[in-house]
Amino acid sequence: MSESKIILLVTSMPASSVIEGNQNFCRQVFRGKKIGPVVELDGMNPNEKEERNILFAISEKRGLYPQIFIKINDEISFVGDFEKMNELNDCNSLPPEILSANPQIQTFDKVFAFFLNS
991 MSESKIILLV TSMPASSVIE GNQNFCRQVF RGKKIGPVVE LDGMNPNEKE ERNILFAISE
1051 KRGLYPQIFI KINDEISFVG DFEKMNELND CNSLPPEILS ANPQIQTFDK VFAFFLNS
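Using our numbering, read the sequence shown as starting at 991 and increasing by one per residue.
Written as structure tokens, this is what we have:
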């Protein structure tokens, strides 16, 4: 069986402090929730270019950082970018009655359940 992990696609050369802040926010959320493994892939590293291009093809968002992916067995799925991560984190704080009445609402705990329970 292949390794299951969360992949955080970042850049070591962010074009702005906003991108750097967004990357740090994602790191802090994962650390705060104590889930993993979270593997960072540097989109600027020439040694990781092939993996980066595979992730860009999956997300269809070339050059956007950060991006979050889940790899379970050999299947990689795109979770989203910073905005999606922020939304998932915010929705995690919704009252349980709202979440149960609206099962379509995605939360951090739902999306990353595999890693929270393992």
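C-beta: ideal position from N, C-alpha, C; glycine also.
Which one of the options has the shortest CA to CA distance from residue i?
| i | options | result |
| --- | --- | --- |
| E1077 | N1012, P1027 and N1035 | N1012 |
| V1028 | R1017, Q1094, N1037 and E1038 | R1017 |
| K1051 | F1072, I996 and F1020 | F1072 |
| I1066 | A1103, P1093, L1045 and D1080 | L1045 |
| V1069 | S1090, Q1094, P1004 and F1098 | F1098 |
| L1106 | V1019, P1086 and I1009 | V1019 |
| A1103 | P1004, E1010, N1082 and E1038 | N1082 |
So residue i and residue j are supposed to be a Cβ contact under 8 Å. How far apart are they, rounded?
| i | j | result |
| --- | --- | --- |
| S994 | K1061 | 6 Å |
| I1058 | M1075 | 6 Å |
| L999 | L1031 | 5 Å |
Rounded to the nearest angstrom, what separates residue i and residue j at their Cα positions?
| i | j | result |
| --- | --- | --- |
| I1025 | M1034 | 25 Å |
| L1084 | Q1096 | 11 Å |
| G1022 | I996 | 15 Å |
| N1063 | S1006 | 34 Å |
| F1015 | T1001 | 14 Å |
| P1036 | P1093 | 42 Å |
| P1056 | R1042 | 12 Å |
| L1080 | K1039 | Per the sequence shown, the amino acid found at residue 1080 is Asp instead of Leu. Cα to Cα, D1080 sits roughly 32 Å from K1039. |
In the DSSP assignment, the alpha helix (DSSP H) including residue i goes from what residue to what residue?
| i | result |
| --- | --- |
| E1073 | F1072 to C1081 |
| R1017 | S1007 to K1023 |
| P1086 | P1086 to A1091 |
| L1054 | No alpha helix (DSSP H) contains L1054, which DSSP labels as neither H nor E. |
| F1104 | A1103 to L1106 |
The beta strand (DSSP E) that contains residue i, what's its start and end?
| i | result |
| --- | --- |
| I1062 | Q1057 to I1062 |
| L998 | K995 to V1000 |
| L1031 | V1028 to D1032 |
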